[in-house]
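Heads up, the sequence shown is in our numbering, so the first residue is 1 and it goes up one at a time.
Okay, structure first, notes after.
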Amino acid sequence: MTDHMPLSREKACRSPVIAVSSVLIILFFLPAFTLFAPAALAVQLERPKKVLLHPFEPFPPYSITVNEVVRATCEYLDPARFPDTQNVRRLTELCRRKYSRNAPDVIIAFLKPPLDFPIQYGPELFPDVLIVFCTVEKYQVKGLALGQNVTGLLMEIDPGTTLDIALKLHPETKRIVVISGEHANGRGYKETAREAFRAYEDRLDFLYMSAVPTGEVLQGVANLSGNTPVFYVTMLDRRRLQHRHITENRLPTGGMVRYKTATVRDMYGWPIIGLVAFLLIQSALIAVLVLQRIKLKRAEKTLLVTQFSLDHASDAVIGMDQDAKILYANKAACRRLGRSRDELLTMSVTDVNPDYTPSVWLEFMRHMEKHNTKTFEAGYAVKGGRSVPVEVRADLVEFEGQRYLLAFVRDITERKKEEKEIVDSRNFLQAVLTASPVGICNVRNRVVLWASESLCRMTGYSAEEITGSSSRFFYESDEEFNRVGGILYGQGWCETRVVRKDGSIMDCRIACYAMDGLTYVKTFAQLLIPAMGMVFSVFAPYRESMRG
């Protein structure tokens with residue numbers, strides 16, 4: 001939309017798009033028209049000569065557009081500004097001199113004023129020349145005598161559609177200004193617009209400016225409010241669009257915008273988009289490569305830490321393949337076996353553990369394939385022939401389709417010594433308890449948990465019969481059982497009568513030693529009446545030692 005068009009241009013044309021389209025259609029059907037023209041005009045030339053008659057000067061945008069499309073000899077009559085007869089006579093004389101010996105094949109009249117000139121002076125200046133008109137409305141040719149050599153396309157102006165577009169762009173519009181001139185074309189356009197705008201008069205206020213000097217029109221338009229559109233032509237001025245803050249994507253499809261300054265985006269839009277896309281893709285690839293490099297660095301660091309940890313582990317670590325060949329040995333393994341790493345890498349498991357013959361190794365591998373891990377004890381041969389007891393935890397791992405064994409080997413020489421000492425101590429204690437004449441048992445909540453062989457011999461019961469039973473069966477009655485419990489767990493010893501398995505009675509002195517709040521160790525010493533004091537003196541030191 002534009003706020004103002006000069007008076008002469010406003011009278012000339014409201015729709016240059018329609019004008020250009022009309023010219024193209026006429027030129028497309030021009031050969032058909034020449035077939036039906038008089039014989040003198042039917043001469044076929046390689047390049048028909050065309051004369052385009054313009055109503056105004058060559059500077060309006062629609063004049064430039066039509067010239068670019070038609071590519072014909074142009075004559076600018078400009079009858080609106082120079083309507084006097086003297087000017088018409090000069091123009092007639094000029095055309096006679098130019099085309100008397102070089103008559104054109106066709107004359108194209110652009111708008112109504114140029115059509116009047118060849119109709120009036122054509123028989124004199126352009127006899128039998130085909131005249132084609134365009135952008136002429138129906139009312140303009142009504143009652144006009146057109147010869148057989150005159151044809152063209154009539155233009156229909158649709159102000160209603162133009163107003164609908166304006167209201168769509170500016171829905172807040174309350175007033176429309178329609179500008180027309182005092183020329184016949186202006187009056188015709190005004191009546192056409194008024195007829196089309198009658199359907200909008202109930203909701204819009206229309207102001208018609210007709211036969212108003214150009215200065216007053218410019219001043220009036222300049223004083224209009226921002227939401228008052230001026231009735232416009234379809235050829236748009238970029239400068240006015242920017243002034244009204246209207247973007248091109250809000251314009252109707254097919255509208256032409258003049259005085260548009262080409263931006264960098266317009267000239268290099270797709271190359272810039274391609275370059276930006278290329279840079280974005282390249283940046284993404286670089287980012288991916290950087291992330292991969294960071295992950296690789298982390299993986300390398302993790303691998304180095306893992307390698308360092310394995311190399312400096314206190315336990316020996318040995319890696320081997322499925323054929324028992326040693327592939328890796330850390331420093332502890334080299335130190336334990338008394339060999340260098342290069343020497344170990346040339347050896348197999350059989351060289352380190354002679355017990356693992358090929359058949360034993362196959363059986364071991366079948367177990368590993370089934371369970372993936374195994375912990376066992378073995379003897380490894382160190383350099384010099386000495387065998388060292390070790391505990392081995394072997395794990396089967398898979399990497400890139402290949403299976404490997406990773407063995408963590410711990411020297412258990414000291415543990416074996418301690419175990420032997422414990423066993424020896426246990427055997428010695430068992431021998432002492434077996435040889436001792438004093439019966440001993442372990443009691444918890446007065447239930448026997450363990451009984452020595454000497455107690456079994458004294459009472460006649462087996463260890464199975466005593467273990468897990470209440471100690472009640474040792475006493476003659478419940479009263480005695482309760483009496484002994486009350487004294488025994490209070491002062492630590494008590495004398496009572498113990499019933500053997502065969503029913504005989506045995507006088508005993510029972511001593512109690514607490515292990516915790518619920519578990520006690522009891523000793524049973526048979527009392528010999530003639531030598532009671534001697535027996536007591538014999539067990540007194542033992543009792544003191546047990547307390548300690």
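Just so you know, even glycine gets a beta-carbon here, dropped at the ideal spot from N, CA and C.
| Query | Result |
| --- | --- |
| May I have the straight-line CA-CA distance separating A378 from R386, to the nearest angstrom? | 13 Å |
| What residue ranges within the region 324-390 form continuous beta strand (DSSP E) runs of no fewer than 3 residues, ordered along the chain? | 326-329, 373-381 |
| If L488 and R509 are in contact, beta carbons under 8 Å, what's the gap, nearest whole angstrom? | Going by Cβ atoms, the distance from L488 to R509 rounds to 11 Å, so no, they are not a contact pair. |
| Assuming K50 and D105 form a contact by the criterion Cβ under 8 Å, report the distance between their Cβ atoms to the nearest whole angstrom. | 7 Å |
| Helix, strand or coil for M155, going by three-state DSSP, please let me know. | strand |
| In whole angstroms, give me the CA-to-CA distance for P530 and K416. | The predicted position of P530 is uncertain, since its pLDDT is 41 and thus under 50; a value taken from the coordinates is nonetheless stated next. Near 51 Å, if we compare the C-alpha coordinates of K416 and P530. |
| Is there contact between the region 167-179 and the region 197-212, where contact requires at least three CB pairs shorter than 8 Å? | yes |
| Would you tell me roughly how many angstroms separate the C-alpha atoms of L310 and L327, rounded to the nearest one? | 14 Å |
| My output table needs one value for V177: the three-state DSSP class, helix, strand or coil. | strand |
| Are three or more beta carbon pairs between the region 516-526 and the region 426-441 nearer than 8 Å? | yes |
| Buried or exposed: which applies to Y139, given that a residue is buried once 16 or more other Cβ atoms fall within 10 Å of its Cβ? | exposed |
| Pick helix, strand or coil for G490, following the three-state DSSP scheme. | helix |
| For my contact list, D128 and N102 are in at a C-beta cut-off of 8 Å; report their separation, rounded to the angstrom. | Not really, about 15 Å apart at Cβ, beyond 8 Å. |
| Exposed or buried, I273, counting other C-beta atoms within 10 Å across all chains shown (16 or more means buried)? | exposed |
| What is the DSSP secondary structure of V498, reduced to helix, strand or coil? | strand |
| With a cut-off of 8 Å on the beta carbons, I'd call A145 and I131 a contact; round off their distance for me. | Contact flag wrong, Cβ pair sits at about 13 Å. |
| Out of K331, L154, L163, T173, state which residue places its alpha-carbon closest to the alpha-carbon of R198. | L163 |
| One question on the structure: do G188 and E156 come within less than 8 Å of each other, judged by their Cβ atoms? | no |
| Within the same chain, show all residues whose beta-carbon is closer than 8 Å to that of S469, passing over the 5 residues directly before and after it, in chain order. | V447, V448 |
| Our contact map puts K501 next to G460 with C-beta atoms below 8 Å; I'd like the distance itself, whole angstroms only. | 4 Å |
| Give a yes or no on contact between the region 294-304 and the region 381-396, applying the rule of three or more CB pairs nearer than 8 Å. | no |
| What number of angstroms, rounded off, separates the C-alpha of S452 from the C-alpha of S436? | 9 Å |
| Taking the beta strand (DSSP E) that E137 belongs to, which residues open and close that run? | 130-137 |
| Going by other Cβ atoms of all chains shown within 10 Å of its Cβ, with 16 needed for buried, is Y268 buried or exposed? | exposed |
| In angstroms, rounded to a whole number, what distance separates the CA positions of I179 and F133? | 25 Å |
| Just how far apart, CA to CA, sit V499 and I422? | 36 Å |
| What would DSSP say about S470, mapped onto helix, strand or coil? | strand |
| Based on the DSSP secondary-structure assignment, which residues constitute the bridge partners of R403? | E398 |
| Kindly indicate which three-state DSSP category V217 falls into: helix, strand or coil? | helix |
| Verify whether the separation of the beta carbon atoms of R410 and V397 is less than 8 Å. | no |
| Which residue from T173, A431, S225, A381 puts its Cα closest to that of Y200? | T173 |
| Rounded to whole angstroms, what is the Cα-Cα separation between R343 and A329? | For clarity, residue 343 is Glu in the given sequence; the question names Arg instead. Distance between the alpha carbons of E343 and A329: 10 Å. |
| I need the DSSP call for V432, collapsed to helix, strand or coil. | helix |
| Quick check on DSSP: helix, strand or coil for S210? | strand |
| Quick test of your reading: M429 and Y380, contact by CB under 8 Å. State the CB separation rounded to the nearest angstrom. | Looking at the sequence provided, one finds Leu at residue 429 rather than Met. Actually they are not in contact, since the Cβ atoms of L429 and Y380 sit about 34 Å apart, beyond 8 Å. |
| T263 lies in the alpha helix (DSSP H); which residues open and close that run? | Neither: T263 is in no alpha helix (DSSP H) and is coded neither H nor E. |
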